[in-house]
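*Asks:*
Numbering (this note's numbering), first residue to last: 1 to 423.
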């Protein structure tokens, strides 16, 4: 019995998180079911609470029971609007808004007595359901959207440091509109000496352009307040662009060089594989004529150089390496080292095996060398056939791109005139 309880307790400990999740789900399900029984809209069975004043009208979906049948529910939609103000309540709301408006509309200005920047004129008063529309009695100074045009006004020899403006605001809740006036005072902006100089000079340039509007050119002042003035137009940041283009070009050149190097290595590898059987064949012929491996090697290298010099043959990498090996042997390099370096320079497994066969011949004698080379040559011919097949498939794949381009051109030549004709 105790063992059973212990196992049961272990299972509970093992699955305690899962059990807690299931329990929480059941608890939330019961809470949701109970909450559904408490209708958040209908109170006391037949009382609907109106929506908040900022929500306007809300379409309420009602399930009516007992209208047609005692058990059957009928679905109806009832548009319920927010509560409307009485006339007295509307005017009272307007007065409350009017008290708060000076602080709300001043924006970044200190007060409506010192307006130097744009005003923030709201079109709707949140929480009261009141719409506001604005009108300025002096739109040259203050526009109806709150934009303020400030400058220093001058009359005669005296500068005006303020200008009174009346803003009219029309408030309405949809039923009881009312207009109010808000006085403000626009003042000139507070410029630093530098900003004032720039503004005055800008005004001078504007007036010069206006005076010379009938001329082909505009001559700008070269002296202003005893200071020599020079001009230049905006320039594109070509230096950074050129630096960026140079960096991009350097990256592309590096990638191109890397690609070209890889391509050259692939071509060299393909050529070495294709020429391997030919080298073995020529060596077997010369060995059959009674030459030593050293003499046959030198003969093949000299014949290649002569053919290249006379223009009868192009560059072949394996014969170039054989000529280098021949030169090493003539300069006193040992055959073992020269042939080993030949295999390493070629870089392919076949040539390393070939240099190993030559080293084995040097140690054990040339008794079975020709037969060994014949077997190697037969294998090399098979590899050459497979290599030729792969190169042909590769070339065929490259030819598909221009073929598809030609097909697209032909299709365009056929379909475009047909579309034009039907169009």
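Every residue, glycine too, gets a C-beta built ideally from N, C-alpha and C.
Could you give the residue range of the alpha helix (DSSP H) that holds residue 104?
*Replies:* 87 to 105
*Asks:* Rounded to a whole number of angstroms, what is the C-alpha to C-alpha distance between residue 383 and residue 411?
*Replies:* Taking the straight line from one Cα to the other gives about 42 Å.
*Asks:* For residue 209, report the span of its beta strand (DSSP E) as first-last.
*Replies:* No beta strand (DSSP E) holds residue 209; the alpha helix (DSSP H) holding it covers 193 to 211.
*Asks:* Quick one: what's got a C-beta closer than 8 Å to residue 50's C-beta in the same chain, skipping five residues either side?
*Replies:* 80, 81, 82 and 83
*Asks:* Do residue 369 and residue 287 come within 8 Å of each other at the CB atom, strictly closer than that value?
*Replies:* With a cutoff of 8 Å on beta-carbon distance, residue 287 and residue 369 are scored as near each other.
*Asks:* Less than 8 Å separating the beta-carbons of residue 339 and residue 321?
*Replies:* Contact flag unset, no.
*Asks:* Measuring CA to CA, which of 132, 308, 162 and 123 is closest to residue 141?
*Replies:* 162
*Asks:* Output the distance between the C-alpha atoms of residue 259 and residue 268, rounded to the nearest integer angstrom.
*Replies:* 14 Å
*Asks:* Give the C-beta separation of residue 469 and residue 294 to the nearest angstrom, bearing in mind that I take them to be a contact with Cβ-Cβ under 8 Å.
*Replies:* Coverage of the chain is limited to positions 1 through 423, which leaves residue 469 absent and any answer about it impossible.
*Asks:* Taking CB distances under 8 Å as the criterion, tell me whether residue 329 reaches chain B.
*Replies:* Considering every chain present, this structure includes no chain B. It has just one protein chain.
*Asks:* Can you look up residue 259 in the DSSP assignment and give me helix, strand or coil?
*Replies:* Note: residue 259 maps to helix in three-state DSSP.
*Asks:* Pull up the distance between the alpha-carbon of residue 347 and that of residue 275, whole angstroms please.
*Replies:* In this structure, the straight-line span from the alpha carbon of residue 347 to that of residue 275 is close to 14 Å.
*Asks:* Where in the segment 330 to 391 do unbroken runs of the alpha helix (DSSP H), each at least 4 residues long, occur, reported from the N-terminal end onward?
*Replies:* 335 to 346 and 349 to 364
*Asks:* Just mark residue 191 as buried or exposed, buried being the case when its beta carbon has 16 or more other beta carbons within 10 Å.
*Replies:* exposed
*Asks:* State yes or no: is the C-beta of residue 175 within less than 8 Å of the C-beta of residue 91?
*Replies:* no
*Asks:* Let me make sure I understand the geometry here. Which of 114, 102, 336 and 137 has the alpha-carbon closest to that of residue 122?
*Replies:* 102
*Asks:* Going by C-alpha to C-alpha distance, which of 315, 282, 169 and 380 sits closest to residue 99?
*Replies:* Checked all of 315, 282, 169 and 380; the closest Cα to residue 99 is 169.
*Asks:* Within 10 Å of its beta-carbon, does residue 304 have 16 or more other beta-carbons around it, so buried, or fewer, so exposed?
*Replies:* buried
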